[in-house]
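**Student:** Residue numbering for the sequence shown follows the working numbering, beginning at 43 and increasing consecutively. The beta-carbon is built from N, C-alpha and C at its ideal position, and this holds for glycine as well.
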Amino acid sequence: MDQAQPASLTPTDPRVTAFLARRHQLFIGGAWREPAAVALLDVHDPATGEVIARVPCANAQDVDAAVKAAAEAFTNGAWTGLPPAERERILLRFADAVEANAEELAQLETLNQGKSINIARHVDIGGAPAYMRYIAGLTTKLTGETLDVSIGAIPGAKFTAYTRREPLGVVAAIAPWNFPMMIGLWKIMPALAAGCTVVLKPSEVTPLTSLRLAELAAEAGLPAGVLNLITGDGATGRALVDHPLVSKVTFTGSTETGKAIALATAGRLVRTSLELGGKNPAIFLKDVPIDQAVGGALLGGFFNNGQVCAASSRLYVARETYGAFVEALVAAVDGLSIGPGMDASAQVNPVVSAAHRDKVIGSIETARRDGARIVAGGDLPNRPGYYVRPTVIVDAGPDLAISRQEVFGPVVTVTAFDDEAEALRLANDTSMGLTASLWTNDLKKVLDYVPRLQAGTVWVNSHNVLDPNMPFGGFKESGIGRDFGLASLEGYTELKSVCMAH
Ligand code: NDP
Numbered sequence: 043m044d045q046a047q048p049a050s051l052t053p054t055d056p057r058v059t060a061f062l063a064r065r066h067q068l069f070i071g072g073a074w075r076e077p078a079a080v081a082l083l084d085v086h087d088p089a090t091g092e093v094i095a096r097v098p099c100a101n102a103q104d105v106d107a108a109v110k111a112a113a114e115a116f117t118n119g120a121w122t123g124l125p126p127a128e129r130e131r132i133l134l135r136f137a138d139a140v141e142a143n144a145e146e147l148a149q150l151e152t153l154n155q156g157k158s159i160n161i162a163r164h165v166d167i168g169g170a171p172a173y174m175r176y177i178a179g180l181t182t183k184l185t186g187e188t189l190d191v192s193i194g195a196i197p198g199a200k201f202t203a204y205t206r207r208e209p210l211g212v213v214a215a216i217a218p219w220n221f222p223m224m225i226g227l228w229k230i231m232p233a234l235a236a237g238c239t240v241v242l243k244p245s246e247v248t249p250l251t252s253l254r255l256a257e258l259a260a261e262a263g264l265p266a267g268v269l270n271l272i273t274g275d276g277a278t279g280r281a282l283v284d285h286p287l288v289s290k291v292t293f294t295g296s297t298e299t300g301k302a303i304a305l306a307t308a309g310r311l312v313r314t315s316l317e318l319g320g321k322n323p324a325i326f327l328k329d330v331p332i333d334q335a336v337g338g339a340l341l342g343g344f345f346n347n348g349q350v351c352a353a354s355s356r357l358y359v360a361r362e363t364y365g366a367f368v369e370a371l372v373a374a375v376d377g378l379s380i381g382p383g384m385d386a387s388a389q390v391n392p393v394v395s396a397a398h399r400d401k402v403i404g405s406i407e408t409a410r411r412d413g414a415r416i417v418a419g420g421d422l423p424n425r426p427g428y429y430v431r432p433t434v435i436v437d438a439g440p441d442l443a444i445s446r447q448e449v450f451g452p453v454v455t456v457t458a459f460d461d462e463a464e465a466l467r468l469a470n471d472t473s474m475g476l477t478a479s480l481w482t483n484d485l486k487k488v489l490d491y492v493p494r495l496q497a498g499t500v501w502v503n504s505h506n507v508l509d510p511n512m513p514f515g516g517f518k519e520s521g522i523g524r525d526f527g528l529a530s531l532e533g534y535t536e537l538k539s540v541c542m543a544h
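Given below as structure tokens:
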């Protein structure tokens with residue numbers, strides 16, 4: 043299986059080849075700019091390990107230029123001063139531009155991130171225009187309220203009061219590497235729709251689609267300085283978060299970095315939203331047919347090679363069906379074909395980087411040393427690139443690192459439970475609380491479980507289903523704030539009360 047050659051690789055689009063060969067710069071103030079100092083980051087193809095591009099590593103001077111360009115665009119009214127309907131029109135054109143260049147963007151995402159071209163085409167890039175149009179439509183829906191002022195009123199005087207939502211200013215958007223363009227858009231779209239201006243910093247390992255995105259936004263008519271793009275590493279991110287002209291930080295990534303950012307922004311009380319890690323449970327009650335349960339476990343645990351903050355990495359299965367479930371899951375996982383993301387038939391693709399592959403395999407080794415049993419996978423396929431064989435682990439006690447720490451790879455643990463109280467206790471026994479899923483056809487049990495699961499999203503008989511209309515974010519250490527819906531725009535605004543005496 044390891045050496046199986048793909049039936050056919052997706053031929054690389056000539057526009058992708060041309061883009062990769064470019065000399066990449068920083069997009070600041072509506073134009074490509076040379077970085078202040080020559081420092082480059084290598085960008086790898088995870089399927090081969092080869093360097094496919096080099097991008098600038100922005101330093102503090104570059105960050106300053108980008109933030110100042112965003113601040114100038116905020117204060118000169120070029121964006122904020124436009125009627126909301128005009129901002130909406132430009133954002134809709136931005137969505138059209140992404141749609142028109144979808145195949146190029148999808149291939150770039152796959153070559154840079156390693157993911158399946160199917161996921162890039164249908165989720166990352168294919169899902170983007172609909173999401174963008176949904177958020178663009180909210181530009182004209184951001185409203186305040188009229189208020190009755192009577193309790194605090196001066197006797198005899200009359201007051202009319204109302205609230206306004208006003209854009210916060212310059213937004214620092216820091217995106218991760220698992221869905222680079224998609225999560226970048228989850229940040230920049232509501233920020234722009236609310237009237238803010240943005241500096242986006244993608245992950246240093248997956249900067250390519252964001253570079254293209256900045257260019258497409260400008261082509262769509264976004265005024266200069268409204269969206270700026272800087273590539274760089276963790277130090278670049280820190281300089282951006284610390285910049286005094288930044289009014290809001292929106293971050294998706296690890297809980298550890300999220301906490302560091304929260305500490306950095308606390309000093310100036312900069313508004314901060316954090317979408318962080320998950321160690322998400324899926325609970326399979328005994329009435330679920332094994333086929334359905336295994337299908338759900340594959341979707342929840344192995345989609346995008348498990349590099350999903352919402353992934354179900356802890357599977358809890360009713361004792362009555364546990365043995366049959368593990369047997370069927372192992373057979374299904376062992377049967378998955380491994381290959382590069384550009385091979386549309388490959389079901390398991392490389393993880394994002396050599397460092398991440400080593401981290402994932404290190405977590406598996408720790409689990410083995412801690413006494414857990416690896417019943418599928420657990421090793422590296424014998425091929426170049428950053429592959430990890432999909433892995434199923436049993437006999438992992440609740441205190442083991444593998445049961446508590448996010449692995450963010452194609453690795454799940456499976457644990458039996460005897461009754462509902464135990465299932466809930468195990469599911470909630472985590473410092474995180476991003477998502478959970480419950481698999482049963484028993485409506486009463488659904489209604490019992492849902493309020494007791496500590497997670498920002500609970501799916502019933504599904505996992506990893508996201509929609510722009512459905513708020514998404516974490517309980518506990520999985521974050522602060524919500525993506526999607528009108529609430530996501532409100533996170534980029536201040537609420538002002540206006541009270542008029544007459
Ligand atoms: P990080 O959380 O370290 O990085 C995410 C983003 O933050 C990147 O753009 C990164 O830049 C930037 N960054 C790093 N340090 C700082 C800082 N101090 N201030 C501001 N920005 C910073 O994730 P990693 O890429 O290191 O992945 C580590 C783990 O995080 C994974 O194994 C996984 O468990 C989790 N993760 C969770 C994600 C989610 O969706 N919730 C997504 C990705 C990872 P740069 O890449 O240049 O260092």
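1) According to DSSP, what are the bridge partners of V85?
2) Just to confirm, are D166 and M223 a CB contact at a threshold of 8 Å?
3) Report yes if the C-beta of N506 is less than 7 Å from at least one heavy atom of the ligand NDP; otherwise report no.
4) Look up V165 in the DSSP assignment and say whether it is helix, strand or coil.
5) Can you tell me where the alpha helix (DSSP H) holding R135 begins and where it ends?
6) Less than 7 Å between the CB of S315 and some heavy atom of the ligand NDP, yes or no?
7) Write down the C-beta distance between L242 and A217 rounded to the nearest angstrom, noting that I regard them as a contact closer than 8 Å.
8) Taking 8 Å as the cut-off, decide whether the C-beta atoms of A235 and L180 are in contact.
9) Give me the residue from G451, G439, N503 and L485 with the minimum Cα distance to T472.
10) Starting from the N-terminal side, write out each stretch of the alpha helix (DSSP H) that is 4 residues or longer and does not extend beyond the segment 237 to 301.
11) Kindly indicate which residue of G71, T117, G169 and V97 has the alpha-carbon position closest to the one of A107.
12) Apply the 10 Å Cβ neighbour rule to M542 and answer buried if 16 or more other Cβ atoms are within range, or exposed otherwise.
13) Looking at the secondary structure, which residues open and close the alpha helix (DSSP H) in which P56 lies?
14) Just to check my reading of the structure: T90 and G427 have Cβ atoms closer than 8 Å, yes? What is that Cβ distance to the nearest angstrom?
15) Counting pairs of Cβ atoms below 8 Å between the segment 314 to 331 and the segment 446 to 461, do you hit three or more?
16) For the pair the segment 378 to 391 and the segment 157 to 177, tell me if three or more CB-CB distances fall below 8 Å.
17) Name, in chain order, the residues that DSSP records as bridge partners for G521.
18) Just to confirm, is the Cβ distance from R313 to L210 under 8 Å?
19) With 16 other CB atoms within 10 Å as the buried threshold, where does R361 fall?
20) Determine the extent of the beta strand (DSSP E) in which M542 is found, giving its start and end residues.
21) Sort out for me which residues DSSP pairs M474 with in a bridge.
22) G420: buried (16+ other C-beta within 10 angstroms of its C-beta) or exposed?
23) Is the beta carbon of V330 less than 8 Å from the beta carbon of T455?
24) If we count Cβ pairs, one from each stretch, closer than 8 Å, do we get three or more for the segment 192 to 208 versus the segment 51 to 70?
25) Inspect the beta-carbon positions of V105 and L282 and report whether they are closer than 8 Å.
26) Look at the alpha carbon of T122 and the alpha carbon of G237, and state the distance between them as a whole number of angstroms.
27) Which residue comes first and which comes last in the beta strand (DSSP E) that contains I406?
**Tutor:** On the basis of the coordinates in this document:
1) A95
2) yes
3) no
4) helix
5) P126 to A142
6) no
7) 7 Å
8) yes
9) G439
10) 250 to 261 and 276 to 284
11) G71
12) exposed
13) P56 to L62
14) 5 Å
15) yes
16) yes
17) E317
18) yes
19) exposed
20) T535 to A543
21) K518
22) buried
23) no
24) no
25) yes
26) 5 Å
27) That residue, I406, is in no beta strand (DSSP E); its alpha helix (DSSP H) goes A396 to R411.
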